[in-house]
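Take the sequence shown: its position 400, counting from 1, is numbered 407 in my numbering, and each next residue is one higher. In this text, a Cβ means the ideal position worked out from N, Cα and C, and glycines have one as well. Quick caveat, the model's predicted, so the values are computed rather than measured. The structure appears below as structure tokens.
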Amino acid sequence: MIPMSESGNAPRVAAETNWPCRNEFRTLVETMMRTSVIGEAPGRIDFMGGVADYSGSLVLETPIRATTRVKVTSLAGSNLRVASKDYGSCELDWNPLAAAVIHWVSDALLRDQLDIQKVPQWARYVVGSLLVFCGETRWLPTCGLAFTVTSQVPQSSGVSSSAALEVATLRALEILSGIKLKGTRLAHLGQRAENLFVGAPCGLMDQLTSAHGRHGSLLPICCRPDYLGELVSLPTEVLVVGWPSGVKHAVSASPYATARAAAFMGKKILETHLQRRWNHAAEIPPSLLHRHAETMLPEVMTGKEFLRLYKSVDDPLSNILPTRTYPVRAAVRFPIEENFRCTLAASLLRTGKKSEILPQTGELMLQSHEGYSAMGLGCPKTDEMVDALHRIGPDGGIYGARVSGGGSGGTVVVLLAQRAFPKLRSLAREICFSEKGPQPLIM
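Rendered as structure tokens:
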């Protein structure tokens, strides 16, 4: 529930917030007289870490060149309009939403308002960002607003087109309202918009990378929840490139939700048997996992059996379905091992000794790829792509590759020498799964 505290954890009680009186809106009205403002944000490539973010792992991310732009224009009246070249447009009445924000007592009431007004899923990224921004800052627009979205970020490709849209919208609202969000608050609000109003149980790394990353470097993020490490510069003459599979990816789809829930189920089982508690699964040492995985963690488990034995998990975004079978062992193993792999990869890359460390880093990426497959987030087509890259290998300038982001298709991230880029481009033309033909490589 929002408004939230600066920590991002403890919500403030909506009834206790001090909303401006009518005569205090003069400054806001003057601000709204601007014709339009624009917010812009990039997508991202998930170099390593991926879905381990929701388990508190270290992840390594980098923004891409392609960006999303959101133009916000003042309108007469009280309607909101959202328009996108890719999806069309929709219009809704802001007044009932504003009233629900002022008296924010339930997230569900706001979702109901969006349902009543039949706001399409794609527009909820924008409208949800407006709602959480108003709830957090206690700022309200005093006229209608038109949101116009233009994006170069590939959609449903696992490069965080949704986070780019949320961050761009929030940046435009910062300019429009004159209110600058501090620290990582903007990223937190983008995540909450997606969690609450789109229904995607995403972690925070996508929004953090879009808001704080720098192209050409890896941003280490310790997702507990939002510690940003010092940027890791890539060695000269080395590229990180995204190769789209053409297989659509969706965070709200069931494989992602199943893997996430299974990770928290595995954490709960280990805690129960070992009589220990961890804030995040990634805090569990790999050696401890290996010692007890065979005896304590079932490979798979139905939701019904888990609920009977262990009751619940400590993740508000995981819904344990009794009839679903969960890959418990692989799902909790992944963040524990991935945290170790990401820490090691960052250490290797900081040494700058590319002849020694790039093949080792590539091997860590391949291990990460196998981890995705083990917990049900792999895809035959991305496996074929990674296998083809692996056959070229370090001698041919291809150091490593893995399926990235939420998996189940999307984009394969490739670590390669600049001299090998023509080989990758040729391979992308040869191996193509999209009906539209080869997709552009993502830089």
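Bounding residues of the alpha helix (DSSP H) (the contiguous stretch that carries residue i)
{"i": "D119", "result": "114-123"}
{"i": "F440", "result": "From DSSP, F440 is part of no alpha helix (DSSP H); its letter is neither H nor E."}
{"i": "R340", "result": "335-358"}
{"i": "W146", "result": "Unbroken run through W146: none, as it is neither H nor E."}
{"i": "R192", "result": "192-200"}
{"i": "F271", "result": "261-281"}
{"i": "L365", "result": "361-381"}
{"i": "A218", "result": "212-219"}
Through-space distance from residue j to residue i, alpha-carbon basis
{"i": "P103", "j": "Q120", "result": "7 Å"}
{"i": "N346", "j": "D100", "result": "45 Å"}
{"i": "H7", "j": "M303", "result": "Because the chain in this structure spans residues 8 to 450, residue 7 falls outside the shown range and cannot be described."}
{"i": "G378", "j": "Y333", "result": "15 Å"}
{"i": "E306", "j": "V420", "result": "28 Å"}
{"i": "E181", "j": "A207", "result": "24 Å"}
{"i": "V174", "j": "S163", "result": "17 Å"}
{"i": "E442", "j": "I109", "result": "47 Å"}
{"i": "N86", "j": "A106", "result": "14 Å"}
{"i": "P329", "j": "M308", "result": "10 Å"}
{"i": "G223", "j": "S375", "result": "22 Å"}
{"i": "V44", "j": "R436", "result": "40 Å"}
{"i": "L314", "j": "I71", "result": "42 Å"}
{"i": "F54", "j": "S411", "result": "7 Å"}
{"i": "A268", "j": "S261", "result": "10 Å"}
{"i": "L384", "j": "V254", "result": "13 Å"}
{"i": "K318", "j": "V133", "result": "36 Å"}
{"i": "L373", "j": "T350", "result": "15 Å"}
{"i": "M6", "j": "F428", "result": "As displayed, the chain neither begins before 8 nor continues past 450, which places residue 6 out of reach and without an answer."}
{"i": "K292", "j": "H219", "result": "With the sequence shown as reference, residue 292 is identified as Pro, and Lys is not the correct amino acid for it. If you take the alpha carbons of P292 and H219, they lie about 29 Å apart."}
{"i": "W146", "j": "P387", "result": "48 Å"}
{"i": "L211", "j": "A194", "result": "7 Å"}
{"i": "T216", "j": "M392", "result": "25 Å"}
{"i": "D213", "j": "R221", "result": "13 Å"}
{"i": "K360", "j": "L241", "result": "11 Å"}
{"i": "A300", "j": "G273", "result": "10 Å"}
{"i": "T316", "j": "H287", "result": "The amino acid occupying residue 316 in the given sequence is Leu; Thr does not appear at that position. The straight-line gap from Cα to Cα measures roughly 21 Å."}
{"i": "S91", "j": "I276", "result": "45 Å"}
{"i": "T42", "j": "D93", "result": "24 Å"}
{"i": "G95", "j": "L365", "result": "45 Å"}
{"i": "T75", "j": "S294", "result": "43 Å"}
{"i": "T34", "j": "L183", "result": "In this prediction, T34 has a pLDDT of 46, which is less than 50 and means its spatial position is unreliable; what the coordinates show is noted afterwards. Near 11 Å, if we compare the C-alpha coordinates of L183 and T34."}
{"i": "Q128", "j": "C209", "result": "15 Å"}
Buried/exposed call for residue i, threshold 16 Cβ in 10 Å
{"i": "G190", "result": "exposed"}
{"i": "A83", "result": "exposed"}
{"i": "S252", "result": "buried"}
{"i": "T297", "result": "Position check: residue 297 holds His in this sequence, whereas Thr was assumed. H297 is exposed by the Cβ-count criterion."}
{"i": "L203", "result": "buried"}
{"i": "A264", "result": "buried"}
{"i": "Y61", "result": "buried"}
{"i": "T358", "result": "exposed"}
{"i": "R426", "result": "exposed"}
{"i": "E31", "result": "Any reading at E31 needs caution, since the residue's pLDDT is 47, under 50, leaving its predicted position unreliable; the model's value is listed next. Counting Cβ neighbours within 10 Å, E31 comes out exposed, since fewer than 16 surround it."}
{"i": "S362", "result": "exposed"}
{"i": "P227", "result": "buried"}
{"i": "L196", "result": "buried"}
{"i": "P148", "result": "buried"}
{"i": "D233", "result": "buried"}
Endpoints, beta strand (DSSP E) assigned at residue i
{"i": "S91", "result": "86-91"}
{"i": "T52", "result": "It should be pointed out that residue 52 corresponds to Ile in this sequence rather than to Thr. Residues 43-55."}
{"i": "T69", "result": "65-82"}
{"i": "D100", "result": "95-100"}
{"i": "I228", "result": "224-229"}
{"i": "L422", "result": "418-424"}
{"i": "I399", "result": "Unbroken run through I399 is the alpha helix (DSSP H), 387-399; no beta strand (DSSP E)."}
{"i": "R409", "result": "405-410"}
{"i": "V245", "result": "245-251"}
{"i": "G185", "result": "Looking at the DSSP string, G185 is not in any beta strand (DSSP E), and its letter there is neither H nor E."}
{"i": "S158", "result": "151-158"}
heavy atom of the ligand COA below 7 Å from residue i C-beta
{"i": "F140", "result": "Ligands displayed in this structure: none; no statement on the ligand COA is therefore possible."}
Neighbour flag for residue i against chain C, beta carbons, 8 Å
{"i": "V245", "result": "The question asks about chain C, but that chain is absent: this structure has only one protein chain."}
Contacting residues, own chain, Cβ-Cβ under 7 Å from residue i (five flanking each side not counted)
{"i": "A424", "result": "E244, V245, G404"}
{"i": "T368", "result": "A352, L355, L356, Y406, G407, L422"}
{"i": "A289", "result": "A59, S62, G63, S64, P342, I343, N346"}
{"i": "V248", "result": "V421, L423, L431, L448, I449, M450"}
Neighbourhood of residue i by C-beta distance below 6 Å, restricted to the same chain and skipping five residues each side
{"i": "A451", "result": "Residue coverage of the chain in this structure runs from 8 to 450, which leaves residue 451 outside it and unanswerable."}
{"i": "S136", "result": "E173, T176, L177, A200"}
{"i": "F271", "result": "V320, D322, S325"}
{"i": "K311", "result": "P329"}
{"i": "V89", "result": "C97, A130, V133, F154"}
{"i": "E278", "result": "R284"}
{"i": "M382", "result": "A266, P334, A337, A338, F341"}
{"i": "V139", "result": "I9, L196, R199, A200"}
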